[in-house]
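Protein sequences, first through last, are from chains A and B. Residue numbers for the first sequence, in the working numbering: 1 to 220. Residue numbers for the second sequence, in the working numbering: 221 to 1027.
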Amino acid sequence: MIELRNLEKFYQHGPSKSFVLRRVNVEIKEGEFVSIMGPSGAGKSTLLYVIGMHDGDWTGEYYLMGQPVHKMNRKERNELYKQNFGFVFQSYHLLDNLTVAENIEMPLTYRNIKKQEREAIVADTLDRFQMVGKKDLFPNQLSGGQQQLVGIARAMVASPKVILADEPTGNLHTSQGKEIMEMFKKLNEAGTTIIQVSHSDLNATYGNRVIEIRDGWIEK
Amino acid sequence: MQEILFAARRLLKHPLQLAAGLLAFFLGIGLNTAIYSIGDAIVFKPLELVGLQRLAIFEVFSRGQQLGIFDTSPADFLEYQSRLKSFESLGLEQHWDVTITRDGDPEYVSGARVTANWFELIGSQLLVGRGFRQGEDQSGNHRVAVISHGLWSRRFASEPGIVGRTIRLNREEYEIVGVVKQTSRFPGFMEVFSPIPRTPVWGQMRSDFDYSVVGRLKPGITHAQAEAELTAVQASIISRYKATHEGRSVQVVALNERVAGTNEMAGKYVRMLLVAAGFALLIACANVANLQLARVTGRTREFAIMRAVGAGRWPIARQVLIESLLLSLGGALLGCLGSIWCLDLIKGLLPTELWQFIPMWPYMSVDFHAVLTASLLAVGAGVISGVLAAWQSSRADAQDALREGGRAVSAGSRRQWFRGALVAFQMALAIVLLIGAGLMVRGANASIGIFDSKHPEQVATMQAVLPQLEYPNVEKRLDFSRRLEQGLKNLPGASEVALVNVIPMSDNGSSVSFAVEGRTMPQVADRPRALNLVVTPEYFSLMRIPLRQGRYLSADDRNGRDLVCVVDELLAKAQFPQGNPVGERLTLMLGETSKPCRIVGVVEATMHDAWERSPRPTLYRAFDQNPMLAVSLMVRTNGPVKAMVAAARNAVLAVDPDQPVRQQFSYQELIQTTLGGLRMIALFMGGIGAVAVVLACLGVYSVMSYVVAERTSEIGMRLAMGAQPRDIFKLLGGQALVMSGSGMLGGLIGGYLIAQLFSSMIFGVSSNDFWSLSSGALLLGAVAALATYLPARRALGMDPSTALRHD
Chain A
1 MIELRNLEKF
11 YQHGPSKSFV
21 LRRVNVEIKE
31 GEFVSIMGPS
41 GAGKSTLLYV
51 IGMHDGDWTG
61 EYYLMGQPVH
71 KMNRKERNEL
81 YKQNFGFVFQ
91 SYHLLDNLTV
101 AENIEMPLTY
111 RNIKKQEREA
121 IVADTLDRFQ
131 MVGKKDLFPN
141 QLSGGQQQLV
151 GIARAMVASP
161 KVILADEPTG
171 NLHTSQGKEI
181 MEMFKKLNEA
191 GTTIIQVSHS
201 DLNATYGNRV
211 IEIRDGWIEK
Chain B
221 MQEILFAARR
231 LLKHPLQLAA
241 GLLAFFLGIG
251 LNTAIYSIGD
261 AIVFKPLELV
271 GLQRLAIFEV
281 FSRGQQLGIF
291 DTSPADFLEY
301 QSRLKSFESL
311 GLEQHWDVTI
321 TRDGDPEYVS
331 GARVTANWFE
341 LIGSQLLVGR
351 GFRQGEDQSG
361 NHRVAVISHG
371 LWSRRFASEP
381 GIVGRTIRLN
391 REEYEIVGVV
401 KQTSRFPGFM
411 EVFSPIPRTP
421 VWGQMRSDFD
431 YSVVGRLKPG
441 ITHAQAEAEL
451 TAVQASIISR
461 YKATHEGRSV
471 QVVALNERVA
481 GTNEMAGKYV
491 RMLLVAAGFA
501 LLIACANVAN
511 LQLARVTGRT
521 REFAIMRAVG
531 AGRWPIARQV
541 LIESLLLSLG
551 GALLGCLGSI
561 WCLDLIKGLL
571 PTELWQFIPM
581 WPYMSVDFHA
591 VLTASLLAVG
601 AGVISGVLAA
611 WQSSRADAQD
621 ALREGGRAVS
631 AGSRRQWFRG
641 ALVAFQMALA
651 IVLLIGAGLM
661 VRGANASIGI
671 FDSKHPEQVA
681 TMQAVLPQLE
691 YPNVEKRLDF
701 SRRLEQGLKN
711 LPGASEVALV
721 NVIPMSDNGS
731 SVSFAVEGRT
741 MPQVADRPRA
751 LNLVVTPEYF
761 SLMRIPLRQG
771 RYLSADDRNG
781 RDLVCVVDEL
791 LAKAQFPQGN
801 PVGERLTLML
811 GETSKPCRIV
821 GVVEATMHDA
831 WERSPRPTLY
841 RAFDQNPMLA
851 VSLMVRTNGP
861 VKAMVAAARN
871 AVLAVDPDQP
881 VRQQFSYQEL
891 IQTTLGGLRM
901 IALFMGGIGA
911 VAVVLACLGV
921 YSVMSYVVAE
931 RTSEIGMRLA
941 MGAQPRDIFK
951 LLGGQALVMS
961 GSGMLGGLIG
971 GYLIAQLFSS
981 MIFGVSSNDF
991 WSLSSGALLL
1001 GAVAALATYL
1011 PARRALGMDP
1021 STALRHD
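Right, here's the structure in full:
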C-alpha cells in the first residue's frame, strides 16, 4: 500500500547537509498496524509527516497504492491525502471554539459533502465513539482522554484507509492511553491501516510490526 | 538597568513591530500637536493681549440675520458706554484705508480709526512711545498715530527716534506717538492706528452703522450676563428709534473668535481640524494598544516559563511595563520631533497674503501642552494595554501553556474580539476622515474653479483706494476714473476694461438696503438688502454675465443723468415675482441719505463670495453716476497677463503718480489668494486623512499578521484535515471581513453624517458627494484584504508539519 524507496530528507546549512531521514526503504501493507519507534530526534515524526504528505521537502520515491506521490504536485497530493488518510495528534489540536460535533464535522466540510449528509455521518461517528451525550460540549469541558477520542473520531469521520497517529497517548495517563489504543486496535481489526509514532513498548504491542529508526536510519 | 537593557534588546529583536509602533507615535503625536498649535495661533491664543479672555466684541443681527461686527452707530456706542455696567470699558473701531506717501514709495496699508482708550482697553503692548490720550479722539486733536512694528521696521528701518516724527497719511501729517507690538494689535492686520476725529455731530449719528465695538468685561462677568444687560439696553434704544433699529439685536462674542476673520468660519474650520487630528491620534492610540497587546499575547509561553521558575506576577508585569515605556517614550520623543517638523512644513505652506490675518502665524511654535497630552494618551494606551495583557497572561495555567503546542489551537476569543474591535474602530475613524478630507478638497476645488468659465487667468486686476483729501468731490473722482478707464483701454492687448468698487471673490463687499418705489416704505430691519456693485459698462462682458431682460449699463449712463441700475435675477424674482422689473424704480439707502434708481436690465445671478453657498441678490450701479473712492480695475487681455498687470499699474501712475495700488494679480491668482485659507484647510484635512489611512492600514496589517501567526497551528491542523488553501483564505478572509467590514460600515455611516454637515457648510459640496467618496472606503477594504492575504500566503507556504509545530 505504501512504499518508500531511498527516501531522504535533509536541511541545508551552508555547504553542509544535516540529514533527518537517510535512505529510507519501507513497505507497509494494507491492514497493518505499524509502530514507528526510536529515541527523541530520531526522525519518527518526520517520517510520519512525510507519509502523511504534510512534509513535501524530501527526495526519493514514494508510492501510495501504486501511485507515484513523488511525481505529484501539491494539489494532487492533497487530493490523494484527503481520500486516504486521517491524522491524530499528540496534543489533539481541537478547535476550542467549536463543539465536539463541529470538530468532528470539520474534515467533511473540506470534502464537498452536503450539510445533511455531513450531519448523518457525524451522528453515526458520535454513536460509534459513544460520544452522543457530549456532542454539544466544548473541548475544554472534556478530559484529555475524551479530547483524544474526539481527535480520533475526527480522523475517522471521512472513512480514511490509513490513520496516522503521532504519539496519540503522549499527553494521557495510562488508563486513558489504554482506552485509546483499544480504539485503534478495533479500527485496525475493522480494516483501517494504522501507523503510529510511539515511545511506548506497551503501545507497540497493539500493532503487528515495529519500524525502528535511529538518527534517520531505519534499523529494522 | 539590566532590565532596561534586556527590554531594549527584546524590542530590537522585532524591528518591524518596533518601527510600526514608532511610526504610529510619530504621525499621531506629530500631526496632532502641529494642528493644535495652529489652533492656538488662530483661535485660542490668537493675540498677545493682556486678559484676552475678558475681551468681547459685539455682533449685530437684524431679524436674526447676521449683519456682522461692523454694524454699530456712534450714537448707539455712546449709549452703550454710558449705560452698560458689565464692562470695565468699551472702545470703538472703524476700518480706515490709508495711503502713506513720503519716506519711500506710495504705499497702501490697512488702518483703523479708534477711540482714545483703544490700546489700554485691549491690553496692547507698545514697544516704543505711548497709546492715545484722552481727548485725542476729538476733531482737531486727532492727528496722532501709532504704527505697527512691521511698518516701523519696513518703512523706517526701526529708527529709535521714531516717536515725534511725522508720517503722511492720506496726504495729511500725523505725529507718530508709539509703535505697537506685531502680535499685540487688534484688528491684527492693521498697520496704522489713529483716533476717531469726533465732532458733536458724530455723536448724534444714530444710523451710520459702520463701526465695531470691543469691550473688556468686568472680572467675574460672563458673556451671557453681559449680553443680557446689552439686550435690555438695546430694547430701550429700539423703543426710541423704531424706524432705524426695529429688529436689531446684538450678541456678545469672545474677541478671540473674530481675530482671524469677521465671521465664525475660521473658528469652525480650526475646530473641525482639531477634531480630525484628534481622530488621527485615536487611531494611533488604537494602533499602539493593538501592537502592545499582540506583543504580549505572543509571549504567553515565555511568561509561563517565568512563572514556572518562580517569578511572581509583578516581575512579569514590570518587564512588560519597562518595554512598553521604552517603546512609548521613544515614540513620544519622535512625536515631538514630528510635531516640530510638521509645524515648520505647515508654516511654509501658507501664502504670505494670508499671514497678515493671523498675527501669531510667524511666531507659531509647538504647543508643549498639546505634545504632553498627546504623548500621555498614546503612552497610556500602549502601557495599559500591554500591562493588562501581561497580567492576564501571567494568570494562565503555566503547565497548560508549556505543553507542546498547547491543547487547543485557537486564540482566546475575548482577546481576538478586543483586537478586532480596535481594528474596526480604526477603520471607521479613517473612513470618516477620508470622506471628510475628500469633501473639503472638493469644496475648495469647487470654490477655486467657480469662475473658471470666465477665464480669470486672462484678467489683470488691482485695487486702489483714493484718499478723501485729494478726491473730496464727485468731479475729482470722475476725472480719475474716466482718465484711468481711457488709459487702460488704450493699452495694447487690452480687450475689455472695467472699473468696479469691489471685485467678486476678493473677500470684500458691501451691501445696500433699498425699497421699491410706490410701495409702503418698510422699517429699516425689514428692508431688503442687496450686494452693492458699482461698475463700468464693460464689466458685464468682461465677467461673462448674460443679460436676461432689458439692457446692460451703457456709456450713456453718465453723471448728471437719470440714475439707473441693473439687478440680478434673484433680486428681480424676490421683488417682482409676477412682473417685469425693467422700468421700475428703487430707493437706495446709502448711509444717512437715499437715492432713487431706475432698473434698466436684469442679468444672471453670479457668486460673489466663496464662503456663501449660493449667489445673493445683487444690484449693479453705474460707476460714472456713483464715482467711488475704492476703485478696482480689471483688464482682460489675450496676451501675457503679467505684462498687462505691469502696464495697468503704469496706467494708474500716469493718472496719479502718488496713488498706490495693492493686490496686483491675475484674477485667477486673486481668487486663489482669497481662498488660500480654505485651500490650506483642505490641504490639512487631506494630510490628516492620508495619515489616518496610513495608520489604519498599519493597524490592520499588524493585527492580521498577528492573527495569522497566532492561528498558524490551526492552519496546519486544518490542512492536515484536508483543507485547501482557498478554504484557509476563506476562513481568514471571513475574520478580516467581520473586523474591517464592521469598521467600514461604521465609517460609512459617520461619513454620511459628515457629508450632510459639510453640505450645509461648504460651497460646492453636496450630500450626494458621499456616494462617490465612499468608494474611498474600498481603498481601505483593499488594504485590509492585502493585509490578510500576505500573512496568510506566508502561512500557507509552510508545510503543515512545520505549521503544526509552530508556536
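Cβ coordinates follow ideal geometry from the N, Cα and C atoms, glycine included.
Identity of the residues DSSP links to residue i by a beta bridge
i: Ser731(B); result: Leu751(B)
i: Trp217(A); result: Arg214(A)
i: Ser414(B); result: Arg333(B)
i: Gln358(B); result: Arg418(B)
i: Cys917(B); result: Paired residues: none, contrary to the question.
i: Pro816(B); result: Thr807(B)
i: His13(A); result: Ser16(A)
i: Val318(B); result: Val329(B)
i: Thr59(A); result: Glu8(A)
Inter-residue CB distance, residue i and residue j (contact presumed, cutoff 8 Å)
i: Gln883(B); j: Leu890(B); result: 6 Å
i: Ala500(B); j: Leu918(B); result: Rounded, the Cβ-Cβ distance is 12 Å, inconsistent with contact.
i: Thr807(B); j: Phe734(B); result: 6 Å
i: Thr335(B); j: Ile458(B); result: About 24 Å separates the two Cβ atoms, so there is no contact after all.
i: Leu346(B); j: Val399(B); result: 7 Å
i: Glu279(B); j: Val479(B); result: Incorrect: roughly 14 Å between the Cβ atoms, too far for contact.
i: Gly311(B); j: Pro579(B); result: Not really, about 18 Å apart at Cβ, beyond 8 Å.
i: Leu108(A); j: Ile121(A); result: 6 Å
i: Gly707(B); j: Val875(B); result: 6 Å
i: Leu502(B); j: Phe904(B); result: Contact flag wrong, Cβ pair sits at about 17 Å.
i: Phe307(B); j: Arg436(B); result: 6 Å
i: Arg331(B); j: Phe413(B); result: In the sequence as presented, Arg is not what sits at residue 331(B); that position holds Gly. Rounded, the Cβ-Cβ distance is 7 Å, consistent with contact.
Proximity to residue i [Cα-Cα], best of the options
i: Ile180(A); options: Ser45(A), Ile121(A) and Val88(A); result: Val88(A)
i: Ile604(B); options: Gly568(B), Ala537(B), Val855(B) and Gly487(B); result: Ala537(B)
i: Ser548(B); options: Leu231(B), Ala1015(B), Val1003(B) and Gly954(B); result: Leu231(B)
i: Gly780(B); options: Glu695(B), Tyr972(B), Phe904(B) and Glu737(B); result: Glu695(B)
i: Trp372(B); options: Val820(B), Gly349(B), Arg353(B) and His362(B); result: Gly349(B)
i: Leu783(B); options: Gly770(B), Ile819(B) and Gln976(B); result: Ile819(B)
i: Phe10(A); options: Arg128(A), Met1(A) and Val20(A); result: Val20(A)
i: Glu268(B); options: Lys401(B), Ala227(B) and Glu340(B); result: Lys401(B)
i: Asp166(A); options: Asp96(A), Gln90(A) and Ala204(A); result: Gln90(A)
i: Gly60(A); options: Asn84(A), Gly66(A) and Glu3(A); result: Glu3(A)
i: Ile51(A); options: Val34(A), Leu95(A) and Glu102(A); result: Val34(A)
i: Ile249(B); options: Val754(B), Cys562(B), Asp1019(B) and Ala792(B); result: Cys562(B)
i: Asn84(A); options: Leu202(A), Leu126(A) and Met1(A); result: Met1(A)
i: Thr451(B); options: Arg353(B), Pro1011(B), Asn390(B) and Leu304(B); result: Leu304(B)
i: Phe226(B); options: Gly568(B), Pro837(B) and Ile542(B); result: Ile542(B)
i: Ala601(B); options: Gly970(B), Ala244(B), Glu716(B) and Ser995(B); result: Ala244(B)
i: Gly324(B); options: Ile289(B), Ile387(B) and Ser368(B); result: Ile387(B)
i: Ile183(B); options: Gly351(B), Gly355(B) and Glu356(B); result: Because chain B here runs from 221 to 1027, residue 183(B) falls outside it and cannot be looked at.
i: Asn78(A); options: Val263(B), Leu939(B) and Glu824(B); result: Leu939(B)
> Quick one: complete beta strand (DSSP E) runs, 3+ long, within the stretch 642 to 704 of chain B?
Replying inline: Every unbroken stretch of the beta strand (DSSP E) spanning 3 or more residues and falling wholly within the stretch 642 to 704 of chain B is given here in chain order: 679 to 685.
>> Going residue by residue through the stretch 257 to 311 of chain B, where are the continuous beta strand (DSSP E) segments of at least 3 residues, counting only ones entirely within it?
In response: Listed in chain order, the complete beta strand (DSSP E) runs (minimum 3 residues) inside the stretch 257 to 311 of chain B are 275 to 282 and 285 to 288.
> Which parts of the stretch 448 to 510 of chain B are runs of the alpha helix (DSSP H), unbroken and 4 residues or longer, counting only runs that do not cross its ends?
Replying inline: Counting whole runs of 4 or more residues, the stretch 448 to 510 of chain B contains the alpha helix (DSSP H) stretches 462 to 465.
> What residues from the stretch 81 to 96 of chain A come within 8 Å of chain B, judged by C-beta to C-beta, listed N to C?
Replying inline: Listed by position, the residues of the stretch 81 to 96 of chain A near chain B (Cβ gap below 8 Å) are Tyr81, Lys82, Phe87, Phe89, Gln90, Ser91, Tyr92, His93, Leu94, Leu95 and Asp96.
> Between the stretch 937 to 956 of chain B and chain A, which residues of the former have CB atoms less than 8 Å from a CB of the latter, in chain order?
Replying inline: Per Cβ criterion, the list reads Met937, Arg938, Leu939, Ala940, Met941, Gly942, Ala943, Gln944 and Asp947.
>> Residues of the stretch 97 to 114 of chain A in Cβ contact with chain B at a cutoff of 7 Å, in chain order, please.
In response: Those residues of the stretch 97 to 114 of chain A that come within reach of chain B (Cβ to Cβ, closer than 7 Å) are Asn97, Met106, Pro107, Tyr110 and Arg111.
> Using a Cβ cut-off of 8 Å, which residues of the stretch 249 to 281 of chain B contact any Cβ in chain A, in chain order?
Replying inline: Listed by position along the chain: nothing, the set is empty.
>> For a minimum of 3 consecutive residues, which ranges assigned as the beta strand (DSSP E) are wholly contained in the stretch 360 to 407 of chain B?
In response: The stretch 360 to 407 of chain B is shown to contain whole beta strand (DSSP E) runs of 3 or more residues at 364 to 368, 386 to 389 and 392 to 400, in chain order.
> If you measure beta-carbon to beta-carbon, which residues of the stretch 920 to 934 of chain B are closer than 8 Å to chain A?
Replying inline: Going along the stretch 920 to 934 of chain B in chain order, one finds Ser933 and Glu934 with a Cβ nearer than 8 Å to chain A.
> What residues from the stretch 52 to 69 of chain A come within 9 Å of chain B, judged by C-beta to C-beta, listed N to C?
Replying inline: Hits within the stretch, in order: Gly52, Met53, His54, Asp55, Gly56 and Asp57.
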